[in-house]
Amino acid sequence: MWYVSFANRRLDPVAAELRAELEGIELEGAHKS
Amino acid sequence: MSIFTAVAPAPTVIDINPILNISIFGAFVVVTMFIVIRASRNNSSAADFYAGGRSFTGTQNGFAISGDYLSAASFLGIVGAIAIYGYDGFLYSIGFLVAWLVALLLVAELMRNTGKFTMADVLSFRLKQRPVRMAAAVTTLAVCFFYLLAQMAGAGGLVSLLLGVSDKLGQSIVIAVVGVLMIAYVLIGGMKGTTWVQIIKAFLLIVGAGLLTVWVLVLSGFNLSTVFENAVAAATHDPASAILSPGLKYGKNPLDFISLAIALVLGTAGLPHVLMRFYTVPTAKAARKSVVWAIWLIGIFYLFTLVMGYGAAALVGSEAILGAPGAENSAAPLLALALGGPVLLSIISAIAFATILAVVAGLTITAATSFAHDIYASVIKRGKVDADAEVKVARRTVVVIGILAIIGGIGVQGQNIAFLVALAFAVAASANLPTILYSLFWRRFTTRGAIWSMYGGLSATLLLIVFSPVFSGTPTSVFGESVNFAWFPLSNPGIVSIPLAFFLGWLGSVTSRAKEEPAIASEMTVRSLTGHGAEKAVEH
Numbered sequence: 001m002w003y004v005s006f007a008n009r010r011l012d013p014v015a016a017e018l019r020a021e022l023e024g025i026e027l028e029g030a031h032k033s
Numbered sequence: 001m002s003i004f005t006a007v008a009p010a011p012t013v014i015d016i017n018p019i020l021n022i023s024i025f026g027a028f029v030v031v032t033m034f035i036v037i038r039a040s041r042n043n044s045s046a047a048d049f050y051a052g053g054r055s056f057t058g059t060q061n062g063f064a065i066s067g068d069y070l071s072a073a074s075f076l077g078i079v080g081a082i083a084i085y086g087y088d089g090f091l092y093s094i095g096f097l098v099a100w101l102v103a104l105l106l107v108a109e110l111m112r113n114t115g116k117f118t119m120a121d122v123l124s125f126r127l128k129q130r131p132v133r134m135a136a137a138v139t140t141l142a143v144c145f146f147y148l149l150a151q152m153a154g155a156g157g158l159v160s161l162l163l164g165v166s167d168k169l170g171q172s173i174v175i176a177v178v179g180v181l182m183i184a185y186v187l188i189g190g191m192k193g194t195t196w197v198q199i200i201k202a203f204l205l206i207v208g209a210g211l212l213t214v215w216v217l218v219l220s221g222f223n224l225s226t227v228f229e230n231a232v233a234a235a236t237h238d239p240a241s242a243i244l245s246p247g248l249k250y251g252k253n254p255l256d257f258i259s260l261a262i263a264l265v266l267g268t269a270g271l272p273h274v275l276m277r278f279y280t281v282p283t284a285k286a287a288r289k290s291v292v293w294a295i296w297l298i299g300i301f302y303l304f305t306l307v308m309g310y311g312a313a314a315l316v317g318s319e320a321i322l323g324a325p326g327a328e329n330s331a332a333p334l335l336a337l338a339l340g341g342p343v344l345l346s347i348i349s350a351i352a353f354a355t356i357l358a359v360v361a362g363l364t365i366t367a368a369t370s371f372a373h374d375i376y377a378s379v380i381k382r383g384k385v386d387a388d389a390e391v392k393v394a395r396r397t398v399v400v401i402g403i404l405a406i407i408g409g410i411g412v413q414g415q416n417i418a419f420l421v422a423l424a425f426a427v428a429a430s431a432n433l434p435t436i437l438y439s440l441f442w443r444r445f446t447t448r449g450a451i452w453s454m455y456g457g458l459s460a461t462l463l464l465i466v467f468s469p470v471f472s473g474t475p476t477s478v479f480g481e482s483v484n485f486a487w488f489p490l491s492n493p494g495i496v497s498i499p500l501a502f503f504l505g506w507l508g509s510v511t512s513r514a515k516e517e518p519a520i521a522s523e524m525t526v527r528s529l530t531g532h533g534a535e536k537a538v539e540h
């Protein structure tokens, strides 16, 4: 279960950050076009 | 020891009460049908019908996964195997549980982020849609069909013990009733209703098994050693202590056990009805939580099988179990009868039927989704079909699959059920898992590699099974001892077919001149790791 606590604490915040960044880029592109 | 011997001896003529059994089972059907109808009120979109609106929590989905996974083979088959073969029987429990590490660490979250409704969504993401979807649908239907046949055959065998129906016509009617109920659950409730049936059934199964376990432990002063000592005392093996050591079932051919273990451990992560459950939760985190819940629930249940199996060996005895209708599969119900009389037998019987019903419903919706979404919408209509028409086809497919399962179930009555389940696991491990892992983790994987791996794995598995002792050459073979065309010595083909499928996937990819689009491979990697662009939960 080490993986689960590692994924909950470390991986999920990084994934959420990247997702938000990608969504921001997409939104920016949509506004420009 | 003295308390154990005070329990009523194993009955030679089973004291059954069919009316009580049918009443308890009927109550389960009425309650679950009510819940299914309520749950289905919001079923309006394809995501509702196929994936329950992706609205289940990780905990709920963990229970549903346990309900899907703990089939009649787990409850009746493993308890019976432990009661007769001791240590070797428990190895099934270990194999089935360890398999979840593969699902947790390699598959669950990435599948949830990448796919939409079926396994083929992931496999075809960066490969050519039509051939890959077709191959994935064929392997999905093959796994579901063999698994369905095993459950339906289990229903027929159980009924002779539980309802006192021993003639073929009576058993066929019961199989038809199970089939009709299964069709009704799926048509009315879709994935949402099916999931609730599985949640209720998982809860009942674990409570029922827990009750038997605690009862056996109470009789042995909560001392596991006493349970084992009593099982040894009642054993008819020579030496009696052999029931605690490896070798009673697989001593003659350890390679056969290794082959079976590989298929069990790697098969779970390739079972389409298990993979589809990851799409019923809103996020990858919930998918991870589902698996953690499933591991705990399934793990606890398999610990119960150890106590129930050795308890049945001690309290019922292997001769009484093998002599009862249903043979090995009757160990758990006979243990319930020895402990709590006809009422407990009725409760455990109803739970066993509920188990079969929930599992066949889960398999049916998986097979129907795969046909409608992958074959009809993507291959036949080339994606030019609206979601409503696709769901309509899925509903019709449910009826067709239900009828086929009833006919097949009647046809395989009395056949070796374990062989059908092991075949389903072997097909899943050989035809599905290599392609899933290559798709998720190897960027140079190509369409040719996927096709070779899936069709090659499926063909090799079926071919080796047909030419194995399962079909001919032994007294328990499908064709009996008199016919012998078994040139493959193992009962499970996993040790050959799984590495072969991995090899074919690699060979097909490295020899393929047409390379896949690297940009789509990158998109898939980002999507699978971050969840960007993944399907969201349906709002009602």
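Read top to bottom, the protein sequences are chains Z and W.
Under the working numbering, the first residue of the first sequence carries the number 1, and numbering increases by one thereafter.
Under the working numbering, the first residue of the second sequence carries the number 1, and numbering increases by one thereafter.
Backbone N, C-alpha and C define an ideal beta-carbon position, used for all residues, glycine too.
So which residues on chain Z does residue i lean against when the C-beta distance must stay under 8 Å?
i: W/Ser292; result: Correcting the residue type first, residue 292 of chain W is Val in the shown sequence and not Ser. By Cβ distance, chain Z contributes Met1 and Val4.
Please tell me whether residue i has its Cβ less than 7 Å away from any Cβ of chain W.
i: Z/Leu18; result: yes
i: Z/Ala15; result: yes
i: Z/Leu22; result: yes
Check the Cβ-Cβ distances between residue i and every residue of chain Z, and say whether any is below 7 Å.
i: W/Thr530; result: yes
i: W/Lys285; result: yes
i: W/Ala6; result: Residue placement at W/Ala6 cannot be trusted, given a pLDDT of 42 that sits under 50; what the coordinates show is reported in the next sentence. So no, W/Ala6 is outside the interface.
i: W/Lys536; result: no
If you draw a straight line from the C-alpha of residue i to the C-alpha of residue j, how long is it?
i: W/Lys128; j: W/Ala501; result: 19 Å
i: W/Ala284; j: W/Leu110; result: 7 Å
i: W/Pro489; j: W/Ser468; result: 6 Å
i: W/Pro475; j: W/Phe485; result: 14 Å
i: W/Gly62; j: W/Leu437; result: 23 Å
i: W/Gly533; j: W/Ile520; result: 13 Å
i: W/Asp68; j: W/Phe479; result: 31 Å
i: W/Ala377; j: W/Gly383; result: 5 Å
i: W/Thr236; j: W/Gly317; result: 9 Å
i: W/Thr268; j: W/Asn17; result: 37 Å
i: W/Leu344; j: W/Ala336; result: 6 Å
i: W/Val207; j: W/Ala354; result: 13 Å
i: W/Arg112; j: W/Leu297; result: 21 Å
i: W/Ile375; j: W/Ala422; result: 26 Å
i: W/Ala263; j: W/Ser472; result: 21 Å
i: W/Ser453; j: W/Leu339; result: 50 Å
i: W/Val122; j: W/Asp238; result: 52 Å
i: W/Pro342; j: W/Ala331; result: 15 Å
i: W/Ile410; j: W/Gly157; result: 10 Å
i: Z/Tyr8; j: W/Ala103; result: For the record, residue 8 of chain Z in the displayed sequence is Asn; it is not Tyr. About 17 Å.
i: W/Thr555; j: W/Phe90; result: Any property of residue 555 of chain W remains undetermined from this structure, which presents chain W solely from 1 to 540.
Report yes if the C-beta distance between residue i and residue j is below 7 Å; otherwise report no.
i: W/Val466; j: W/Leu149; result: no
i: W/Ser497; j: W/Thr461; result: yes
i: W/Leu187; j: W/Val398; result: yes
i: W/Lys201; j: W/Ala39; result: no
i: W/Ala350; j: W/Ile24; result: yes
i: W/Leu119; j: W/Pro272; result: According to the sequence shown, residue 119 of chain W is Met rather than Leu. Contact flag set, yes.
i: W/Leu76; j: W/Asn492; result: no
i: W/Ala428; j: W/Gly170; result: no
i: W/Asp278; j: W/Ala108; result: This sequence places Phe at residue 278 of chain W; Asp is not what is there. Cβ atoms of W/Phe278 and W/Ala108: closer than 7 Å.
i: W/Thr280; j: W/Phe117; result: no
Anything in chain W within Cβ reach of residue i, meaning under 8 Å, just list it in chain order.
i: Z/Ala30; result: Those do not exist, as Z/Ala30 stays about 14 Å from chain W at its closest Cβ, beyond 8 Å.
Is residue i near the ligand FMN, judged by its Cβ being under 6 Å from some heavy atom?
i: W/Val98; result: Absence of the ligand FMN from the depicted structure is noted, as is the absence of any ligand whatsoever, leaving it without description.
Counting only Cβ pairs nearer than 9 Å, list the residues of chain Z close to residue i.
i: W/Leu105; result: Tyr3
Quick one: list the residues of chain Z neighbouring residue i, beta-carbon separation under 7 Å, in chain order.
i: W/Arg288; result: Val4 and Ala7
Check whether the Cβ of residue i lies closer than 7 Å to any Cβ atom in chain C.
i: Z/Ala7; result: The chain inventory of the structure shown lacks chain C, comprising the protein chains Z and W.
Exercise for review: For the segment 442-451 of chain W and the segment 499-517 of chain W, state whether three or more C-beta atom pairs, one from each stretch, are separated by less than 8 Å.
Suggested key: yes
Review point. Pairing CB atoms from the segment 164-180 of chain W with CB atoms from the segment 382-397 of chain W, are three or more of them under 8 Å?
Key: no
Exercise for review: Mind the definition here: the segment 306-325 of chain W touches the segment 210-217 of chain W only if three or more C-beta pairs lie below 8 Å; say whether that holds.
Suggested key: yes
Practice item. Assess, as a yes-or-no matter, whether the segment 369-389 of chain W is touched by the segment 226-245 of chain W under the definition of 3 or more beta carbon pairs within less than 8 Å. Key: no
Check your understanding: So, do the segment 91-106 of chain W and the segment 320-335 of chain W have three or more beta carbon pairs nearer to each other than 8 Å?
Key -> no
Review point. Does the count of Cβ pairs from the segment 251-267 of chain W and the segment 16-32 of chain W closer than 8 Å reach three?
Key: no
Exercise for review: Please determine if the segment 40-57 of chain W and the segment 292-306 of chain W are in contact, where contact requires at least 3 C-beta pairs separated by less than 8 Å.
Suggested key: no
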